[in-house]
Each structure stands twice: as structure tokens, then as C-alpha cells.
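Position 97 (the sequence shown) corresponds to 102 in the working numbering; numbering is contiguous.
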Amino acid sequence: MRITTARFVRLSRCRGSALLLGLALSLLAACGSSSPRGTPGVDPSREVDAALLPSEAQLRGWQTEIDEFNGGFRPAGSIHEIAYAQRLAGQLREMGVPEVSLEPYTVSRWSAKTARLELLDGDKGEDVPLVSYIPFSGNTGPAGLEGSLLYLPGLAAVDLSEVLAQLLASGAATGGVTDLLRNLTELLGDSTSGLSSILAVVAGLDVRGKIVVYDLPRLTIPIGVLSSLALHITDEAGTMGFTTPYSRPFLDMVVAQVVTTALKAAGAAGAVGIIDYPREAALGSYYPFFARFLPASPTVYLDRDEGRALKQRLSGQPLSPLKARLTLDALEEEVEAYNVVARLPGVSPLEIVLSSHTDGTNSIEDNGTAAILGMMRYYTRVPAAQRPRSLRVVFSGGHFGGGGLASYLEAHHDELQARVLAAVEIEHVGAREWLEIAPGVMALTGLNEPQVIVSPLGAVFERETALLSSQMDRSMVLPPVLPFGEGQAYRTSAGLPMIQYITGPVYLLNFGIAKVTSDYTDYALMHRQVQGFIQMVTNLAAEPAGQLRPGLAEN
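In C-alpha cells, the structure reads:
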């Protein structure tokens with residue numbers, strides 16, 4: 006099954022969640038079965054040597070090591086991210102990779118020194134337990150800011166499915182984060198867009214100088230919106246039904262920024278967002294991606310129960326505003342950080358890039374580095390004659406703060422154009438599904454998290470990504486029409502064929518959850534995935550250059 010970007014964009018001009026579902030149904034009907042058009046067997050001469058694979062214990066060790074760096078919380082440009090990048094460079098050298106370097110770039114570092122919400126009663130202050138804050142959302146300084154608390158009702162009921170449809174219809178999703186942000190800003194100013202419901206709610210109250218309490222809307226889509234686009238689906242357990250709801254915190258990042266941008270424009274002094282999850286799932290929620298680019302009032306987060314208690318207190322004294330002090334004292338500076346770049350020569354100087362990033366919230370965000378260490382351990386043990394292509398490793402920094410990968414692609418543009426056949430970005434492997442299975446009860450479901458593999462269009466890439474998907478249940482191969490993952494920059498900025506592997510579990514963007522490493526990562530699954538990645542890269546490396554990048558000649 007194959008859907009072109011243009012066709013999807015035309016069909017996605019719809020309104021509301023019902024029409025999104027209709028879009029997905031029409032795509033499915035138009036395209037027939039979601040099974041691949043044929044997946045030929047692997048050439049025996051390209052079989053992976055199981056004896057040379059890293060062990061499951063080795064993969065676990067590399068991921069567990071991430072927690073040695075601030076419990077796994079490595080914000081962009083932090084000393085912890087820089088230290089981890091240096092460690093990765095050392096590990097590649099220890100494996101025998103001959104060309105390893107740390108390339109400097111400038112990144113925005115933002116780190117919270119104090120995040121606090123106090124309810125004020127005369128000279129007394131009562132602390133409200135927070136779960137997190139929005140990074141880059143402003144800086145109150147150590148004194149904080151004081152104001153009346155004002156609850157903004159109605160946001161929890163806002164349906165933003167239409168916003169997703171409009172962003173897709175605009176083509177912004179295929180243009181990368183820059184186009185996505187520009188279009189989001191335009192939609193904020195469009196009174197006819199789905200965002201007008203948020204703007205109308207904000208405009209309905211005078212929020213000037215207030216600390217606004219609001220319920221963060223959750224964006225839920227039927228998984229069929231994704232699966233109907235798929236070039237290939239593996240769903241042996243039958244758990245990814247067409248109408249199965251798919252709701253994850255990473256989808257809510259756009260929603261969070263819409264609210265905070267609207268509040269800032271309306272003159273709110275600060276904000277208190279209520280995350281619609283139990284405390285253990287809301288703790289450490291870290292949504293930095295859009296706040297760095299769009300204005301926001303200083304914002305802290307409460308979990309569902311603390312939020313409910315605060316709303317009850319506010320409703321109990323409507324004639325006597327409750328005063329509060331919000332403190333979000335942060336360190337903000339431009340610093341020098343490093344991309345880790347390595348090269349393992351093969352028979353041909355033409356290259357395949359293996360990429361992931363070094364900053365993250367916990368050990369699974371991002372353990373693509375651990376998976377690539379496993380791949381490089383394999384390839385350094387393979388005789389050089391069995392590496393038909395050279396391999397380039399890029400562990401980019403600062404994807405939470407901007408700078409790393411963009412800086413690398415700009416600095417190496419001509420070299421990448423001349424040498425690189427394809428880029429493979431790997432993020433969040435071995436993820437187990439962790440959901441709210443009953444009100445207030447979070448638990449593992451016994452399944453792995455749904456997996457997305459974004460594939461370039463073309464017979465070879467579609468064949469290899471389908472083969473990879475077929476080895477992993479609950480996975481789908483999508484054409485490059487959605488802005489999933491850091492790797493999209495290889496396509497949008499460098500113009501290279503790019504394969505992206507990614508998952509988005511509930512705990513992905515949370516710091517301070519130790520169970521991510523011990524309980525929420527399936528290391529047996531991770532081992533199978535690494536073997537699948539090695540097989541895919543080995544197969545791609547054996548293809549003629551023109552099959553991967555037409556016009557790029559063999560050297």
C-alpha cells in the first residue's frame with residue numbers, strides 16, 4: 006500500500022475528530038489491505054552473524070549507564086549531556102572505531118533552579134506539590150511573582166483534532182519543525198481555526214496579571230489515522246484496531262504551547278497547568294520543544310489529584326481570590342556543547358549514517374545511542390571486506406534546546422551530499438507500553454509500545470523497512486508525511502533519504518522515574534531490534550548506490 010504526500014494532504018482537509026476518522030477510513034478504503042506488496046527473503050550472503058551480536062546484557066549495561074548522568078535527565082547543553090557525549094565518544098574509541106571526534110556547537114541551556122507554587126494567607130505560605138514545569142517558559146527570578154489565582158474552565162473539553170488536520174493539510178508536517186511552528190503561529194491568529202476555541206475561552210476572562218490555573222487538554226486520535234497511511238503493518242496480537250484510541254503526552258506538547266502562548270498574549274503573569282494523569286505518570290513531565298520558540302508565561306504543572314484539590318479550593322471562595330506566589334527561577338545561557346561524530350571505513354567511501362541524540366529525560370529518551378553502540382560493536386568485529394559501505398555515526402546534542410543536528414548538517418552539507426546514501430535515525434527502543442488501565446492506576450499492559458518506522462518512498466527502502474517491521478509486533482511503516490523524530494532533519498534540511506525508528510510511550514518525556522530502566526524497557530525486544538537494524542543496514546549497504554540515491558555514482 007502506498008500513499009503519496011500530496012494525496013494525503015488533499016484528503017486531510019477536514020474538520021473535527023469525526024472527520025479525521027472519516028479521513029482515515031477513506032484512505033483505508035482507497036488503499037486496500039495494509040499488508041506489504043511482497044517482502045522477499047533476505048539474501049543469504051547478507052545474513053547477520055549471530056555470534057558477533059552484542060549480548061542482551063551488554064545492551065542493558067549501555068542503557069543502564071545513562072542513569073549515571075543525573076539519573077538519566079540530561080537537558081540540552083547541561084553538564085550531564087556534555088559528559089554523556091564524552092562518554093559515548095570514549096566507548097566508540099574503545100570498540101576500535103578509528104575516526105571519532107567531538108564537534109562543538111552553541112546551544113541554549115535552560116535549567117530550573119527553583120520551581121515552586123505557594124498559596125498565600127497573610128504572611129504564611131502553603132506549598133502545593135508540583136510535578137514539573139515548562140522549560141523555556143520564562144524566568145521569575147528567585148523572588149517569584151505574586152498574583153491572584155484564576156481558574157480557566159472549559160479547556161479540558163476542547164477538541165483539538167481539527168488542529169492536527171489543519172497542520173497536516175497545510176503541508177507543515179512534511180517541512181519539519183520550522184514549518185510546523187510557523188503554521189502553528191498562523192493558526193493561533195486565525196479566528197476560523199480549531200485554536201479559536203482556546204482563544205475564546207482565554208478571552209472570556211480577564212487574565213491580566215493573574216496566575217491562571219487550567220486543565221491541559223489531551224489530544225486523542227484513533228490509531229487508524231496512522232495505520233491507514235501505512236506502507237506495512239505488523240499487528241500479530243491484534244491490539245492496534247482501527248478505532249483504538251491513541252493518546253500520549255508527546256501529542257499534548259503542541260496543545261500545551263497553544264495554551265501558554267494564548268495566556269501570554271492575554272497578559273497572564275503565570276500559569277499552573279493540570280496534567281490529566283496520576284502523579285506517577287505526570288511526575289517530571291518535560292515538554293521543551295516548542296516553548297523555546299514561542300512566548301509563554303512562566304508555567305508549572307500539577308498532577309490530576311493536586312489539580313482537582315486546588316480547583317475545589319478556588320471554587321469554595323469565589324468572592325475572595327486566592328493569592329499565590331509562583332517561582333520559576335532558571336539559569337539561561339548560551340553554552341558550547343558537542344556532537345559526537347565517528348566514521349568506520351568500509352570497502353566504499355560512500356556512507357550510511359547511524360544517528361541518535363545525547364540529551365533526554367531518562368534512559369529510554371534516548372537509548373538509540375545504546376542500540377547504535379551495539380551495531381558498531383558488531384561492525385567493528387566484522388572483517389572490513391564484509392563492510393561494503395562506510396558507516397558514519399552522529400550522536401547529535403541539544404534536540405531539547407536546538408542546535409546540535411542543525412549545526413552538524415549545515416557544517417557538513419557538501420560532504421553529506423557527496424558521500425551519504427541514506428541516514429537511519431534510531432530513538433526509544435525496547436519500550437514497553439505503560440497506560441492508565443483503571444482510573445488512577447498506571448500499569449504495564451504486557452505489550453510493547455506501538456512502533457513507527459518512517460521510510461523514504463522507493464522499492465528498496467520500502468522493502469527493507471517492511472522487513473524490519475515484520476520482525477517486531479505492533480509496528481507500522483509510514484511514508485514521510487508526519488514530523489516524527491529528530492531524524493526528519495536529514496530529509497528536510499539535508500535532502501537525504503532518511504529512515505526513522507521511533508516510539509512514544511507515556512513515560513518518554515518524564516524525568517525522575519527510575520522504573521524506566523528497570524521495568525519499562527524490554528531488553529530482549531531491544532536485542533531483537535538491534536539485530537533487525539543491523540540486518541537492514543547490511544542489506545542497504547549491499548545495494549548499488551543509484552538504488553538508494555539516484556545520481557550518486559560509485560566511487
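Built from N, CA and C at the ideal position, the CB exists for glycine as well.
- As a beta-bridge residue in DSSP terms, Met-503 pairs with Ala-428.
- Around the beta-carbon of Val-425, 16 or more other beta-carbon atoms lie within 10 Å, marking it buried.
- Linking Ile-228 to Ser-290 through their CA atoms gives a straight-line distance of about 23 Å.
- Secondary structure of His-237 (DSSP, three-state): strand.
- Separation of Ser-395 and Pro-354 (C-alpha to C-alpha, rounded to the nearest whole angstrom) is 6 Å.
- CA-to-CA, the gap between Glu-491 and Glu-430 works out to about 7 Å.
- Taking a contact as a CB-CB distance under 8 Å, the pair Pro-293 and Pro-140 counts as one, their CB atoms being some 4 Å apart.
- C-alpha of Val-542 to C-alpha of Pro-300: approximately 42 Å in a straight line.
- When only Cα atoms are considered, Thr-69 and Leu-410 end up about 25 Å apart.
- Counting every other CB atom within 10 Å of its CB across the protein chains shown gives His-85 a total of 16 or more, marking it as buried.
- Ile-71 counts as buried, since at least 16 other C-beta atoms from the protein chains shown sit within 10 angstroms of its C-beta.
- Per DSSP, reduced to three states, the secondary structure at Gly-289 is coil, with no helix or strand assignment.
- Three or more Cβ pairs drawn from the region 54 to 63 and the region 374 to 391 lie within less than 8 Å of each other, which places the two stretches in contact.
- Following the DSSP letters along the chain, one finds Val-486 in no beta strand (DSSP E), marked with neither H nor E.
- In the pairwise beta carbon analysis, the region 333 to 341 is classified as touching the region 112 to 125: at least three pairs are separated by under 8 Å.
- Here Arg-313 is exposed, its C-beta having fewer than 16 other C-beta atoms within 10 Å.
- The beta-carbon separation of Leu-231 and Met-503, rounded to 18 Å, does not stay under the 8 Å limit for a contact.
- Shown here for Gln-476: same chain residues with a beta carbon closer than 6 Å to its own, the five before and five after excluded, namely Gly-537 in chain order.
- In this structure Gly-435 is buried. Its beta-carbon is surrounded by 16 or more other beta-carbon atoms within 10 angstroms.
- The beta carbon of Asp-132 sits closer than 6 Å to the beta carbons of Glu-123 from its chain, once the five residues preceding and following it are set aside; these are given in chain order.
- In this structure, Ile-216 places its C-beta atom within 8 Å of the C-beta atom of Leu-154.
- Assignment of Tyr-251 by DSSP, reduced to helix, strand and coil, places it in the strand class.
- It is roughly 19 Å from the alpha-carbon of Arg-253 to the alpha-carbon of Asp-310.
- If you look at Asn-344, you'll find it in the beta strand (DSSP E) that goes 328 to 349.
- Between Ser-401 and Ser-360, the CB-CB gap stays under 8 Å.
- Residue state for Tyr-413 is assigned as helix, using DSSP reduced to three classes.
- Per DSSP, reduced to three states, the secondary structure at Tyr-110 is strand.
- According to DSSP, residue pairing for Lys-129 in a beta bridge involves Asp-126.
- Annotation: Met-100 to Pro-109 spans about 23 Å, alpha carbon to alpha carbon.
- Between the region 266 to 286 and the region 440 to 454, the count of Cβ pairs shorter than 8 Å is three or higher; the stretches touch.
- One Cα belongs to Leu-514, the other to Ala-205, and the distance between them is close to 29 Å.
- Taking a contact as a CB-CB distance under 8 Å, the pair Gly-403 and Ala-494 does not count as one, their CB atoms being some 12 Å apart.
- A distance below 8 Å between beta-carbons, with the five flanking residues on each side excluded, links Leu-483 to the following residues of its chain, in chain order: Leu-231, Leu-234, Ala-235, Leu-236, Val-457, Ile-458, Val-459, Ser-460, Phe-489.
- DSSP places Lys-316 within a helical segment (H, G or I) once states are collapsed to three.
- In this structure, the straight-line span from the alpha carbon of Tyr-306 to that of Gln-317 is close to 17 Å.
- Straight-line measurement puts the Cα of Gln-322 at about 27 Å from the Cα of Thr-145.
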